[in-house]
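Enquirer:
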Amino acid sequence: MKKRLRPKSFVIPTLYAVLFVTVVTGAYLISNSMKGEKVEENYTYVSNVIMDSQIPVMNQTTKMIKPYTNEKVTVGKTYYDYKGESKNQESSITYYDGSYIQNSGVDYTLNETFDVVSVLDGTVTDVKQDEVLGNVVEIKHGNDYVTTYQSLSEVSVKKGDTVTQGQVIGKSGTNKLDKDMGNHLHFELYTNGQVVDPNLYIDKELKNE
Numbered sequence: 752m753k754k755r756l757r758p759k760s761f762v763i764p765t766l767y768a769v770l771f772v773t774v775v776t777g778a779y780l781i782s783n784s785m786k787g788e789k790v791e792e793n794y795t796y797v798s799n800v801i802m803d804s805q806i807p808v809m810n811q812t813t814k815m816i817k818p819y820t821n822e823k824v825t826v827g828k829t830y831y832d833y834k835g836e837s838k839n840q841e842s843s844i845t846y847y848d849g850s851y852i853q854n855s856g857v858d859y860t861l862n863e864t865f866d867v868v869s870v871l872d873g874t875v876t877d878v879k880q881d882e883v884l885g886n887v888v889e890i891k892h893g894n895d896y897v898t899t900y901q902s903l904s905e906v907s908v909k910k911g912d913t914v915t916q917g918q919v920i921g922k923s924g925t926n927k928l929d930k931d932m933g934n935h936l937h938f939e940l941y942t943n944g945q946v947v948d949p950n951l952y953i954d955k956e957l958k959n960e
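Encoded structure:
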């Protein structure tokens with residue numbers, strides 16, 4: 752029967768010692784390498800360009816401008832206010848073809864042709880020629896605002912065009928409905944599908960939602 756060989760007593764302690772020294776030395780080298788690296792203090796997790804390009808929507812407002820730029824333009828006929836005084840209501844009625852029609856917008860007049868501009872950014876949703884109203888342009892804006900520009904002698908846009916606030920969309924003219932008014936612009940404003948008095952919104956700050 753062969754005898755099982757046993758390692759000498761000094762071999763195992765020696766192996767432990769070597770392993771210990773290896774671990775300690777490795778830890779020491781790693782620690783020194785980390786200390787030698789320069790730690791970047793100013794971290795940039797989001798690009799400044801991205802942040803600058805983001806425009807917050809809340810609490811931003813846009814001012815609705817007048818549909819013309821010529822300061823000589825005056826109001827020829829105001830919006831018919833159902834809750835207004837009877838005197839003002841009488842001056843806001845149009846007589847045409849044997850009928851009295853309540854004015855659903857504001858008519859701007861001048862004895863010479865003037866540029867008509869978009870009151871807000873938007874998209875042209877309709878351009879048509881009406882026998883009674885003349886040339887008509889309809890523009891849809893944000894927040895369910897829609898504007899119409901009637902009695903135009905010239906039209907500078909077409910359906911589907913994107914327009915910016917203040918862009919010329921046509922020129923004032925005449926129509927059969929208000930022929931006694933001469934050269935003018937009939938302007939209407941709708942919000943959420945309801946016609947409203949433009950004077951309550953023009954030159955006012957409109958909140959962007």
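Sequential numbering of the sequence shown, starting at 752, is according to the working numbering.
For every residue, glycine included, the Cβ atom is placed at its ideal position computed from N, Cα and C.
Could you give the first and the last residue of the continuous alpha helix (DSSP H) run that contains Ser969?
Expert: This structure gives no information on residue 969, because the portion of the chain shown stretches from 752 to 960.
Enquirer: Determine the contact status of Asn886 and Leu861, defining contact as a CB-CB distance below 8 Å.
Expert: Taking the sequence shown and counting its residues from 1, the one referred to as residue 886 is at position 135. Taking the sequence shown and counting its residues from 1, the one referred to as residue 861 is at position 110. No, these two residues do not count as a Cβ contact at 8 Å.
Enquirer: For a test of the three-state rule: what should DSSP assign to Gly1015, helix, strand or coil?
Expert: For residue 1015 there is no data in the structure shown, the boundaries of the chain being 752 and 960.
Enquirer: Check whether the stretch 882-900 touches the stretch 859-874, taking contact to mean three or more Cβ pairs, one atom from each stretch, closer than 8 Å.
Expert: With the cut-off at 8 Å, the stretch 882-900 and the stretch 859-874 touch.
Enquirer: Can you list, in chain order, the residues of its chain whose CB lies under 8 Å from that of Ser842, leaving out five sequence neighbours each side?
Expert: Numbered from its first residue, the sequence shown carries residue 842 at position 91. Cβ within range, chain order: Lys828 and Thr829.
Enquirer: In the DSSP assignment, the beta strand (DSSP E) including Phe938 goes from what residue to what residue?
Expert: Residue numbering aside, residue 938 sits at position 187 when the sequence shown is read from its first letter. His935 to Thr942 is the span of the beta strand (DSSP E), which, as asked, contains Phe938.
Enquirer: Which of helix, strand or coil does DSSP assign to Asn894?
Expert: Sequence index remark: in the sequence shown, residue 894 carries index 143 (1-based). DSSP places Asn894 in helix when its eight states are reduced to three.
Enquirer: Grab me the residues of Val914's own chain with a C-beta within less than 8 Å of its C-beta, minus the 5 sequence neighbours each way, in chain order.
Expert: On the sequence shown, residue 914 is found 163 positions in, with the first residue counted as 1. Within the same chain, Val914 has close Cβ partners Ser869, Asp872, Gly873, Thr874, Val875, Ile890, Val908 and Ile920.
Enquirer: Given a cut-off of 8 Å on the beta-carbon distance, is the pair Leu936 and Val883 in contact?
Expert: As a working note, residue 936 is residue 185 in the sequence shown. As a working note, residue 883 is residue 132 in the sequence shown. Cβ distance not < 8 Å, so Leu936 and Val883 don't count as in contact.
Enquirer: Of all the options Val946, Thr925, Gly917 and Gln853, which has the alpha carbon lying nearest to the alpha carbon of Thr898?
Expert: As a working mapping, residue 898 is identified with position 147 in the sequence shown. Ranking Val946, Thr925, Gly917 and Gln853 by Cα distance to Thr898 puts Val946 first.
Enquirer: Between which residues of its own chain and Tyr794 is the CB-CB distance below 6 Å, once the five residues before and five after are set aside?
Expert: Position 43 of the sequence shown, counting from 1, holds the residue named residue 794. Low confidence applies here, because Tyr794 scores a pLDDT of 40, under 50, leaving its location unreliable and the question unanswered by this model.
Enquirer: For the pair the stretch 846-866 and the stretch 813-827, tell me if three or more CB-CB distances fall below 8 Å.
Expert: yes
Enquirer: Bridge partners of Leu903, per DSSP?
Expert: Taking the sequence shown and counting its residues from 1, one reaches residue 903 at position 152. Partner(s): Asn886 and Ser923.
Enquirer: Counting C-beta neighbours from all protein chains within 10 Å, is the total for Leu951 16 or more, i.e. buried, or is it exposed?
Expert: Within the sequence shown, the letter at position 200 stands for residue 951. Counting Cβ neighbours within 10 Å, Leu951 comes out exposed, since fewer than 16 surround it.
Enquirer: Helix, strand or coil for Glu957? Go by DSSP, reduced to three states.
Expert: Here the question's residue 957 lines up with position 206 in the sequence shown. The residue asked about is misnamed: residue 957 is Leu in this sequence, not Glu. If DSSP states are grouped into helix, strand and coil, Leu957 belongs with the strands.
Enquirer: Just checking my contact of Asn934 with Glu863 at CB under 8 Å: how many whole Å lie between their CB atoms?
Expert: Within the sequence shown, the letter at position 183 stands for residue 934. Within the sequence shown, the letter at position 112 stands for residue 863. With 8 Å as the limit, Asn934 and Glu863 qualify as a contact, their Cβ atoms being about 7 Å apart.
Enquirer: Where Met809 and Tyr831 are concerned, what is the direct C-alpha to C-alpha distance, given to the nearest angstrom?
Expert: One-based indexing of the sequence shown puts residue 809 at position 58. One-based indexing of the sequence shown puts residue 831 at position 80. Caution is warranted here: a pLDDT of 33 is assigned to Met809, below 50, making its placement in the model unreliable, and the coordinate value is therefore given only provisionally. Distance between the alpha carbons of Met809 and Tyr831: 33 Å.
Enquirer: To the nearest angstrom, report how far apart Pro949 and Glu939 are at their CA atoms.
Expert: Here residue 949 is taken as the residue at index 198 of the sequence shown, counted from 1. Here residue 939 is taken as the residue at index 188 of the sequence shown, counted from 1. Within the model, the alpha-carbon separation for Pro949 versus Glu939 is close to 7 Å.
Enquirer: Roughly how many angstroms lie between the CA atoms of Asp848 and Lys879, to the nearest whole one?
Expert: As a working mapping, residue 848 is identified with position 97 in the sequence shown. As a working mapping, residue 879 is identified with position 128 in the sequence shown. Cα to Cα, the separation comes out at about 22 Å.
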